[in-house]
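Numbering (this note's numbering), first residue to last: 3 to 123.
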């Protein structure tokens, strides 16, 4: 085994539902790993979900949650990266299949659907 990643210390967070190896997003010059935990509790909201960003050495770098977390949204159900800004720096793309969103404005690129959401950080 090359690496073991430890998830949130929550029962039933479904850590590892989605996993993506990504170019460096933490600034250390090494590839990183994104891991979704779509059923994690966030700010007391059950199944709101989160994405954990691990450095290439397996250490947790940061945790990403929705800007407007909602219960049972499933943030982190899918994760990937893409260079959507054209700068050469990858953005983190997160699937949120059960979040019902009307508007979110924060300067990030976000695509909104009737039911569900894709957030780009």
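Where is the CB? At the ideal position from N, CA and C, for every residue including glycine.
Requested in this report: For the beta strand (DSSP E) containing residue 23, list its first residue and its last residue.
Outcome: Start at 1 with the first residue of the chain shown, and residue 23 comes out as number 21. Per DSSP, residue 23 belongs to the beta strand (DSSP E) from 20–24.
Report task. Using three-state DSSP, classify residue 69 as helix, strand or coil. Result -> By 1-based counting over the chain shown, the position of residue 69 is 67. Coil at residue 69, not helix or strand.
**Report entry** Simplified DSSP assignment, three categories, for residue 43
**Finding:** Looking up residue 43 in the chain shown gives position 41. Residue state, collapsed to three classes: coil.
Requested in this report: Taking residue 100 as the reference, give the member of 68, 34, 91, 84 with the closest Cα.
Outcome: Start at 1 with the first residue of the chain shown, and residue 100 comes out as number 98. Of the candidates 68, 34, 91, 84, the one whose C-alpha sits nearest the C-alpha of residue 100 is 68.
Query raised in the report: With 16 other CB atoms within 10 Å as the buried threshold, where does residue 31 fall?
Result: Along the chain shown, read from residue 1 onward, the residue named residue 31 stands at position 29. When all chains shown are included, residue 31 counts as exposed.
Query raised in the report: Within 7 Å: the Cβ of residue 48 and any heavy atom of the ligand FMN?
Result: Ligands are entirely absent from the displayed structure, and the ligand FMN is therefore not among its contents.
Query raised in the report: Who are residue 52's beta bridge partners in DSSP?
Result: Position 50 of the chain shown, counting from 1, holds the residue named residue 52. Paired residue(s): 39.
Query raised in the report: Nearest-angstrom Cα distance between residue 12 and residue 85?
Result: Looking up residue 12 in the chain shown gives position 10. Looking up residue 85 in the chain shown gives position 83. Residue 12 and residue 85: Cα-Cα distance of roughly 32 Å.
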